[in-house]
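Peer 1: The sequence shown begins at -17 in our numbering and counts up by one. Using N, Cα and C, we set each Cβ at its ideal position, and we do this for glycine too.
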Amino acid sequence: MVLLEDEFKQTDLLMEEYLNEEDQDLDYSYNDHNQLAAPTKSVIRNASKAAATGAQPFLPLTAATLKHSAQDKPTALSYKQGTSMSNKIKSSTAFKNELAKFKKKLPAKGTYYSYNGSMALSSPKDLYLALNKVSYLMAAEKVNGKWKIYTHVMDTYNFEYWNMKDLPCWNRVTEVIYQ
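1) Hey, how far is the Cα of ILE159 from the Cα of ALA34?
2) Less than 8 Å separating the beta-carbons of SER74 and SER100?
3) Let's test the definition: count the other Cβ atoms within 10 Å of the Cβ of ILE131 and tell me whether it reaches 16, buried, or not, exposed.
4) For TYR97, which of helix, strand or coil comes out of DSSP?
5) So, for PHE84: in the same chain, excluding its five sequence neighbours on each side, which residues have a beta-carbon less than 8 Å away from its beta-carbon?
6) Taking C-alpha atoms, which residue in LEU59, GLY127, SER117, ALA76 lies nearest to LYS107?
7) Let me know the alpha helix (DSSP H) ranges lying completely inside the region 54 to 86, each 4 residues or longer, listed in chain order.
8) From the DSSP output, which residues share a beta bridge with SER117?
9) What residues in its chain sit with their C-beta under 6 Å from that of ALA45, if we drop five residues either side in the sequence?
10) Kindly list the residues whose CB is nearer than 6 Å to the CB of THR47, restricted to its own chain and excluding five residues on each side of it in sequence; keep chain order.
11) List the endpoints of the continuous alpha helix (DSSP H) containing LEU111.
12) Can you give me the Cβ contacts of LYS124 inside the same chain, cut-off strictly under 8 Å, excluding the 5 residues immediately before and after it?
13) Where does the unbroken alpha helix (DSSP H) through ASN163 begin, and where does it stop?
14) Give the DSSP bridge partners of LYS130, in chain order.
15) Determine the burial state of LEU59: buried for a count of at least 16 other Cβ atoms within 10 Å of its Cβ, exposed for fewer.
16) Buried or exposed: where does MET67 fall if 16 or more other Cβ atoms within 10 Å of its Cβ makes it buried?
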């Protein structure tokens, strides 16, 4: 999705406003080694929230999961069939490949079959940044002679820096924090 210049400016203003509100929490003192003190948990959370705010217009799933994970005690999230998250997973190449492999393993005889595995959701970028490496359970039951397949995809909150550096606004957020 290509954003217009005005939308970029609005996103930048939202991030700047958020960071300015939280600037009072930053610790700019120096430690014994004449280095800036390490950022506190609240600073990292605020940076994550600012990055989520900036990403919202063009990476909505990433923004939602990043903002949710920045809470003190985030609850488990669940996305039902038909939601944007569910549909993006279902239409991803990685999921389609795993489903095809699962279907090939279905036995000719029997009424139930299940398989656990993991996959990397590397595309689209929104899914990569929001989830990336996930585990899954695929199960099937034979109903009236046909296999009915159920899937459950699970992820753990692990917004590592090496994934977040691909978030377009992350460098700006970290730049402001470490000024």
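Peer 2: The answer reads as follows:
1) The residue you call residue 159 lines up with position 177 of the sequence shown. The residue you call residue 34 lines up with position 52 of the sequence shown. Residue placement at ILE159 is flagged as unreliable, the pLDDT there being 39, under the threshold of 50; the coordinate-derived value follows with that caveat. So the two alpha carbons sit approximately 15 Å from each other.
2) Position 92 of the sequence shown holds residue 74. Position 118 of the sequence shown holds residue 100. Not closer than 8 Å, so no.
3) On the sequence shown, position 149 is the one that residue 131 refers to. Classification of ILE131: exposed, given that the 10 Å Cβ count is below 16.
4) What you label residue 97 is simply residue 115 of the sequence shown in a count that begins at 1. Correct three-state label for TYR97: strand.
5) Along the sequence shown, read from residue 1 onward, the residue named residue 84 stands at position 102. TYR97, MET120, ALA122, ILE131, listed in sequence order.
6) For the purposes of this step, residue 107 is taken as the residue at position 125 of the sequence shown. Nearest of LEU59, GLY127, SER117, ALA76 to LYS107, Cα basis: ALA76.
7) 66 to 73
8) Numbered from its first residue, the sequence shown carries residue 117 at position 135. Answer is SER100, MET136, bridged to SER117.
9) Within the sequence shown, numbered from 1, the residue matching residue 45 stands at position 63. Excluding residues within five positions, the ones whose Cβ falls inside 6 Å are ALA34, ALA37, GLN38.
10) Start at 1 with the first residue of the sequence shown, and residue 47 comes out as number 65. Within the same chain, THR47 has close Cβ partners ALA112.
11) In the sequence shown, the residue the question calls residue 111 occupies position 129. 107 to 112 is the extent of the alpha helix (DSSP H) around LEU111.
12) Working through the sequence shown from its first residue, we reach residue 124 at position 142. Once the five neighbours on either side are set aside, the close Cβ partners of LYS124 are GLY92, THR93, TYR94, LYS130.
13) Beyond the ends of the chain as shown, which are -17 and 161, falls residue 163; an answer cannot be given.
14) If you number the sequence shown from 1, residue 130 lands on position 148. GLU123, per the DSSP bridge assignment.
15) In the sequence shown, counting from the first residue as 1, residue 59 sits at position 77. Answer is exposed; the Cβ neighbour count stays below 16.
16) If you number the sequence shown from 1, residue 67 lands on position 85. Buried, because 16 or more other Cβ atoms sit within 10 Å of the Cβ of MET67.
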